[in-house]
Every structure is written in structure tokens, then in C-alpha cells.
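> Next up is a structure, given as C-alpha cells.
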Amino acid sequence: FPTVTVLDIPFVKTTAAEFLTEVQHRIIQQQNTFVVTANPEIVMYGHDHPDYQQLLLTADFITPDGIGILNGAQILNQPLPERITGFDTLQALLKWGSDQHRSAYFLGAKPTVIAQLKEVLARDYPGLQVVGLHDGYFKDATPIVADIQAQQPDMVFAALGFPKQEQFIADHRHVTHGLWMGVGGSFDVLAG
Ligand code: UDP
């Protein structure tokens, strides 16, 4: 995709539908992919923390998750078509994953949320192969990463909040041939 740079972050210039198609294509091709759906908080945090900024720039795609980013692009006279949010992208991928019998690993949120999420996924996305569910309050990442590597999920969703989730993904994404995406507080919302 072409990009538009707002506050030193290159955002993909595409629609949510086109973006989803590309991500699905890469999953089918088993291409390792790191997606950041960047809201203004993430962009500002990157602005103030160069190490985090560098890590964001290792993502394959950074999408505009917030009207503030669209406004910024408009001011630069390089408008972006629409928001591409983490929550909408997650929901669309779960639906597609259920229809196509793809596999997913869920890492993050509190143990009670993860327990609830397991039931919601089984009810709402019955075709999805949920190959792992782990809360986000672990001390040692090693056994979790080993589990992800063993399962080889098509999609890993990390709901550890920023900057933790992007750091985790940047450190470990190469153990699979699939998608890795940080989804912030989305598990809490999905679990209801
Ligand atoms: N979280 C986690 N481990 C941590 C800190 C946070 O799993 O060490 C989870 C937390 O339970 C919540 C999510 O990460 O589900 C963060 O949500 P929040 O809305 O604060 O993050 P944002 O969407 O702003 O990145």
C-alpha cells in the first residue's frame, strides 16, 4: 500500500476492506506479518519514546486507528480514506477465521476475561480453531512463546496494552509464519 506519514509514522493509505483482503492473503501465503493499529495514544507515545518508535517502524502495516490521525493526514493534504481500527479488524478476522477454519492464539487480559473469552469464541466463532488462550499477566514469556511456536497459529492476537504488546510481538513474531497483531483492550470488550 502507499503510505501517508503523520508524526513520523507511515500509515497505510487504503480502505478497511482492501486492508483485510491483503492480510487474509498473507495469512493464506503463510507470510509473517506484524500489524499495528495505531491510535493517537500510540503515536504520541512513539513520539516521546524513540525505542518504541523504532519498534513500531518494524511493523509491516500501520493503520490509522483514530479520527485524529485522519485529521492530521487531511491537514497535510494527503487524506487517508478511513479509520482501520484494531477492534473492527480483530472481529473481521475472527469471522473470516471461523468461516475458513483458520487457527488463532489469544494472549492477554486477566485470567477471568480469558475464561469468558473462551466461551464467547466457541459460541460466536464456532469454526475458528482456538489453539491457545493465555492471560497477559505472566512473568516468563518463554513457555508461552514455545507454545505459540509449537501450535503455529495462523493469527496471534496480543492484548497486553501498549507498549507491551508491540514489544512482545517484535521480540517473538518470527516463531510463526502468520499474523501478529496487538489489540489493546479488545479481549475485555469481546468477553463482555
Ligand atoms: N494487560 C495485560 N497484561 C499487562 C497489562 C495489561 O494483559 O501486563 C491487558 C489488560 O488486562 C487489558 C489490556 O491489556 O485487557 C490493556 O487494555 P487498555 O485498554 O489499557 O490498553 P490500550 O487499548 O490502551 O492499549
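Under the UniProt record's numbering, the first residue of the sequence shown is numbered 5, with each subsequent residue one higher.
Idealized CB from N, CA, C, for every residue including glycine.
This structure is a prediction, so every number in the text was calculated from the model and none was measured.
1. Find out if the Cβ-Cβ distance for the pair Gly136, Asp151 is shorter than 8 Å.
2. Where are the alpha helix (DSSP H) runs, 4 residues long or more, that stay fully inside the segment 71 to 150, in chain order?
3. According to DSSP, which residues form a beta bridge with Leu24?
4. Just the C-alpha distance for Ala82 and Thr116, rounded to the nearest angstrom, thanks.
5. I need the DSSP call for Phe166, collapsed to helix, strand or coil.
6. To the nearest angstrom, how far is the alpha carbon of Gly188 from that of Ala42?
7. Quick check on the DSSP output: what are the complete beta strand (DSSP E) runs of length 3 or more inside the segment 23 to 58, in order along the chain?
8. Under 7 Å: does the beta carbon of Phe15 sit that close to some heavy atom of ligand 1?
9. Given a cut-off of 8 Å, decide if Ile31 and Leu60 are closer than it, judged by their beta-carbon atoms.
10. Determine, using beta carbons only, whether Gly186 and Val40 come nearer to each other than 8 Å.
11. Can you have a look at Leu98 and say buried or exposed, based on whether 16 or more other CB atoms are within 10 angstroms of its CB?
12. If you run the structure through DSSP and keep just helix, strand and coil, what is Leu183?
13. Between the segment 89 to 109 and the segment 122 to 129, are three or more C-beta pairs nearer than 8 Å?
14. Name, in chain order, the residues that DSSP records as bridge partners for Ile13.
15. Is Ala21 buried or exposed, if buried means 16 or more other CB atoms sit within 10 Å of its CB?
16. In the DSSP output, what is Pro68 paired with across the bridge?
Taking the geometry as given:
1. Within the sequence shown, the letter at position 132 stands for residue 136. Within the sequence shown, the letter at position 147 stands for residue 151. For Gly136 and Asp151, yes; Cβs fall inside 8 Å.
2. 71 to 79, 90 to 103 and 115 to 128
3. Against the sequence shown, residue 24 aligns to sequence position 20. For Leu24, which the question treats as bridged, DSSP gives no partner whatsoever.
4. The residue given as residue 82 occupies position 78 in the sequence shown. The residue given as residue 116 occupies position 112 in the sequence shown. A quick correction: the sequence has Gln, not Ala, at residue 82. One C-alpha to the other measures close to 44 Å.
5. Working through the sequence shown from its first residue, we reach residue 166 at position 162. Three-state result, Phe166: coil.
6. Counting from one through the sequence shown, the residue named residue 188 turns up at place 184. Counting from one through the sequence shown, the residue named residue 42 turns up at place 38. Answer to the nearest angstrom: the Cα atoms are 10 Å apart.
7. 37 to 42
8. Position 11 of the sequence shown, counting from 1, holds the residue named residue 15. No.
9. In the sequence shown, counting from the first residue as 1, residue 60 sits at position 56. In the sequence shown, counting from the first residue as 1, residue 31 sits at position 27. Contact annotation: Leu60 and Ile31 have beta-carbon atoms that are not nearer than 8 Å.
10. Taking the sequence shown and counting its residues from 1, the one referred to as residue 186 is at position 182. Taking the sequence shown and counting its residues from 1, the one referred to as residue 40 is at position 36. If you check the CB distance, Gly186 and Val40 come in under 8 Å.
11. On the sequence shown, position 94 is the one that residue 98 refers to. Looking at its Cβ environment, which holds 16 or more other Cβ atoms inside 10 Å, Leu98 is buried.
12. In the sequence shown, the residue the question calls residue 183 occupies position 179. Strand.
13. Segments in contact, yes.
14. Locating residue 13 in the sequence shown gives position 9, where the first residue counts as 1. The partner list for Ile13 (beta bridge, DSSP) reads Val10.
15. As a first step, residue 21 is located in the sequence shown; it is residue number 17 there, counting from the start. Ala21 sits exposed, since fewer than 16 C-beta atoms from the chains shown fall within 10 Å of its C-beta.
16. Taking the first residue of the sequence shown as position 1, residue 68 is located at position 64. Its beta-bridge partners are Ala42.
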